[in-house]
Each structure stands twice: as structure tokens, then as C-alpha cells.
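*Asks:* This is the structure I want to talk about, given as C-alpha cells.
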Amino acid sequence: MKKVTLGYAVLLCAASASSHAADGRVCTSDPSSGQEMMKTLDAATVFTCEGMEGKQRISGLYKQGWSVAQVLPASRSGDGPIRTYWVLVIEKR
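Start counting the sequence shown at 153; every next residue gets the next number (the numbering used here).
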């Protein structure tokens, strides 16, 4: 009887964990040109999100059931001037 009870307990824990798991993605805005400062983050800011087709705005992400977990400023330089952009970490529960 103990083996059956332990087995059910393991199955319930696994099912519970998967039902609370969130799907997360990273989205990035277009980088600034070399001559401009960081673009303002607002409702018109457009993002490219991994695993998603087309360009996204924050309001559209919320309509699709996603929420913004974190917003980060980022930059890269490569061989040219520093280019800044926004990074969103989004999640769907």
C-alpha cells in the first residue's frame, strides 16, 4: 500500500508543478542608430520576440495572454558606435 500511495504523491506533485509552470520569452526592440540616444520606452515601442511571428507591442502581448516580467536597457557596440535597445522578459502562465 505504501508504494501505491507514494506513486500517487509523486504523480500529484509532478502534475501540480506543470500546471504552475510559466512560459517565458525574451523580446528586443530595434537598436538606436549610432547618432541617437536610447529611444524612449512607450506604447509605440515595437519588439521582436523569440518564437513569435512579426513585430509586437506591449499592449498586443497582453492581449495574447503574456505579461511583462522585467524590462531592461541594453547596449552593444560591435565594431561601431554603441547602440542601445530595450529587452523585455515576458511570461505566460
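Idealized CB from N, CA, C, for every residue including glycine. Model, not experiment: these values are computed from the prediction.
(1) Could you tell me the alpha carbon to alpha carbon distance between Gly-203 and Met-189, rounded to whole angstroms?
(2) Given 7 Å as the limit, tell me if Pro-183 has its C-beta closer than that to any heavy atom belonging to the ligand PLP.
(3) If you draw a straight line from the alpha carbon of Tyr-214 to that of Ala-174, how long is it in whole angstroms?
(4) What does a CB cutoff of less than 6 Å around Gln-222 pick up in its chain, not counting 5 residues either side in sequence?
(5) Taking the alpha carbon of Arg-228 as the reference point, which residue from Arg-177, Gly-186 and Cys-179 has its own alpha carbon closest?
(6) Is Gly-217 closer than 8 Å to Lys-191 when the C-beta atoms are compared?
*Replies:* The relevant details are as follows:
(1) The sequence position of residue 203 within the sequence shown is 51, counting from 1. The sequence position of residue 189 within the sequence shown is 37, counting from 1. Their backbone Cα atoms lie some 29 Å apart in a straight line.
(2) Summarising the ligand content, the structure contains no ligands, and the ligand PLP is consequently not present.
(3) Reading the sequence shown from its first residue, position 62 is the one you call residue 214. Reading the sequence shown from its first residue, position 22 is the one you call residue 174. Cα-Cα distance, rounded: 15 Å.
(4) For the purposes of this step, residue 222 is taken as the residue at position 70 of the sequence shown. Val-241.
(5) Locating residue 228 in the sequence shown gives position 76, counting from the first residue. Of Arg-177, Gly-186 and Cys-179, the residue nearest in Cα terms is Gly-186.
(6) The residue given as residue 191 occupies position 39 in the sequence shown. The residue given as residue 217 occupies position 65 in the sequence shown. In this structure, Gly-217 does not lie closer than 8 Å to Lys-191 by Cβ.
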